[in-house]
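J.: The numbering of the sequence shown is full-length UniProt numbering, which starts it at 1 and goes up by one.
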Amino acid sequence: MSDDHDDRNVHGEPLDPCCSTPPTGYLRDGCCRHVEEDLGRHEICAVVTQEFLEYSREQGNDLVTPRPELEFPGLHPGDRWCLCLGRWLEAKEDGVAPPVDLSATNEAVLDSVELETLEEYAAES
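1) In angstroms with no decimal places, state the Cα-to-Cα distance between Ser-2 and Glu-93.
2) How about Cys-31 and Pro-17: are their beta carbons less than 7 Å apart?
3) When the Cα of Phe-52 is compared with those of Cys-84, Pro-23, Thr-21 and Pro-22, which residue comes out closest?
4) Helix, strand or coil: which one does DSSP assign to Pro-14?
5) Please state whether the Cβ-Cβ distance between Tyr-26 and Asp-7 is less than 7 Å.
6) Counting pairs of beta carbons, one from the stretch 72-88 and one from the stretch 36-50, are three or more of them closer than 8 Å?
7) Does Ala-123 come out as helix, strand or coil in the three-state DSSP assignment?
8) Identify whether Val-35 lies in helix, strand or coil by the three-state DSSP scheme.
9) Under the three-state reduction of DSSP, which class applies to residue 181: helix, strand or coil?
10) With Ala-91 as the anchor, note down where its alpha helix (DSSP H) starts and where it stops.
11) Does the distance from the CB of Arg-80 to the CB of Val-47 come in under 7 Å?
12) Got a sec, what are the start and stop residues for the beta strand (DSSP E) Glu-43 sits in?
Written as structure tokens, this is what we have:
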């Protein structure tokens, strides 16, 4: 597994943590890191909305129901979570993409999403 933790955000600055309670990211270290082994690319730090949570559940990824065996309490609107790049893009196409914390979103997503597009979805600081 990669131990390179020099990740940068979409502005080329050091990557800020997304969420530590519950711990998010592929490595569950609170950051949306680019990790070669992460085929889902959990690199977008989103501020989830009720609309997105319902959409995600409809797509087969229930982020609301607590899963104690995975130490996952379930997400609520306003929580921050490292989303899979593909799911965020799907949600964008379907008009339900949640806001994005640009300081905690990995620059690796810029290979698939224009910075201007991400800025349109920027979360309130």
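Note that beta-carbon positions come from the ideal geometry of N, C-alpha and C, so glycine has one too.
T.: Looking at the coordinates:
1) Because the pLDDT at Ser-2 is just 39, under 50, the model does not fix this residue reliably, and the value given afterwards should be weighed accordingly. Taking the straight line from one Cα to the other gives about 31 Å.
2) Yes. Within cutoff.
3) For the residues Cys-84, Pro-23, Thr-21 and Pro-22, the minimum Cα distance to Phe-52 belongs to Cys-84.
4) Pro-14: strand per DSSP, three-state reduction.
5) Going by beta carbons, Tyr-26 and Asp-7 fall outside the 7 Å limit.
6) Yes, they touch.
7) Correct three-state label for Ala-123: coil.
8) Judged by DSSP in its simplified three-state form, Val-35 adopts coil rather than helix or strand.
9) Since the displayed the chain opens at 1 and closes at 125, residue 181 lies outside it and no answer follows.
10) For Ala-91, the enclosing alpha helix (DSSP H) starts and ends at 85-93.
11) Their beta carbons are under 7 Å apart, which means Arg-80 touches Val-47 by this criterion.
12) Counting along the chain, the beta strand (DSSP E) containing Glu-43 begins and ends at 42-47.
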